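Since the structure comes first, as C-alpha cells, the remarks are kept for the end.
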Amino acid sequence: METGKLFIGGISWDTNEDRLREYFESFGEVIEAVIMKDRATGRARGFGFVVFADPSVAERVVLEKHVIDGRTVEAKKAVPRDDQSTPSRNGISSSSSNHGSPGPGPIRTRKIFVGGLASNVTEGEFKRYFDRFGTITDVVVMFLS
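FYI, the numbering for the sequence shown is 72 to 216, going by my numbering.
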C-alpha cells in the first residue's frame with residue numbers, strides 16, 4: 072500500500088470527524104479524517120476516509136475489525152477514482168473495489184446496501200424479495216440496538 076489512505080465504510084450517523092480521528096489515532100499518526108456528507112442536506116453519508124502518516128499502519132488497520140460508537144465499520148485500502156473500474160478477462164468492466172463514487176464507464180456491483188428496513192424483516196424475506204434480480208449468494212440484515 073503506497074499511501075496510508077483508507078476507506079472507512081458503515082460509519083454511524085452519530086460519529087463525527089473528531090471521533091473518527093480519535094479512534095484511528097490509537098493505531099498511529101492520522102494526517103486526515105473526513106466523513107463524506109450529502110451536498111444537498113449536509114447529512115453524513117455513512118462512509119469516510121482516514122489517512123495515516125505511515126502507510127504500514129494502514130496495512131495493519133485493514134487486517135483488524137473495528138467498532139466505533141457501537142457500530143462495526145469496514146476499513147479498506149482507498150482506491151483512486153481512476154483505478155476503480157478495470158476490465159475483466161471477458162471484457163466486461165468490473166469494479167476492483169466499491170469505494171467512493173463510481174468512475175466513468177459501467178461498473179458491475181456485487182454487493183449492495185439497503186437501508187431503512189422495517190425492524191421485523193428477516194434475512195429469508197429479504198433474500199426472497201431480491202431473488203428476482205439474480206442469484207443471491209449472501210444476505211446480512213443488521214439493526215442498531
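Ideal placement from N, C-alpha and C gives every residue a C-beta, glycine not left out.
No experiment lies behind these values; they were computed from the predicted model shown.
For residue i, three-class secondary structure by DSSP
| i | result |
| --- | --- |
| S159 | In this prediction, S159 has a pLDDT of 41, which is less than 50 and means its spatial position is unreliable; what the coordinates show is noted afterwards. Coil, per DSSP. |
| R116 | strand |
| G195 | helix |
| E145 | strand |
| F123 | strand |
| V132 | helix |
| D209 | coil |
| F184 | coil |
Strand pairing of residue i, partner residues [DSSP]
| i | result |
| --- | --- |
| R139 | Here residue 139 is Ile; the residue named in the question, Arg, does not match the sequence. DSSP lists R142 as partners of I139. |
| K76 | V122 |
Reference residue i; option with closest CA among the options
| i | options | result |
| --- | --- | --- |
| G187 | R181, T206 and M213 | M213 |
| R181 | N191, I139, A149 and F204 | F204 |
| V122 | R92, N87, D209 and E196 | R92 |
| V138 | K108, V105 and T86 | T86 |
| T141 | V185, A189, R199 and Y94 | Per the sequence presented here, residue 141 reads as Gly, with Thr not at that position. It is Y94. |
> Touching or not, the region 82 to 92 and the region 115 to 132, by the rule of three or more beta carbon pairs under 8 angstroms?
Replying inline: yes
> Would you call the region 87 to 99 and the region 126 to 133 touching, i.e. three or more CB-CB distances under 8 angstroms?
Replying inline: yes
> Which full runs of the alpha helix (DSSP H) of 4+ residues lie inside the region 78 to 119, going along the chain?
Replying inline: 88 to 96
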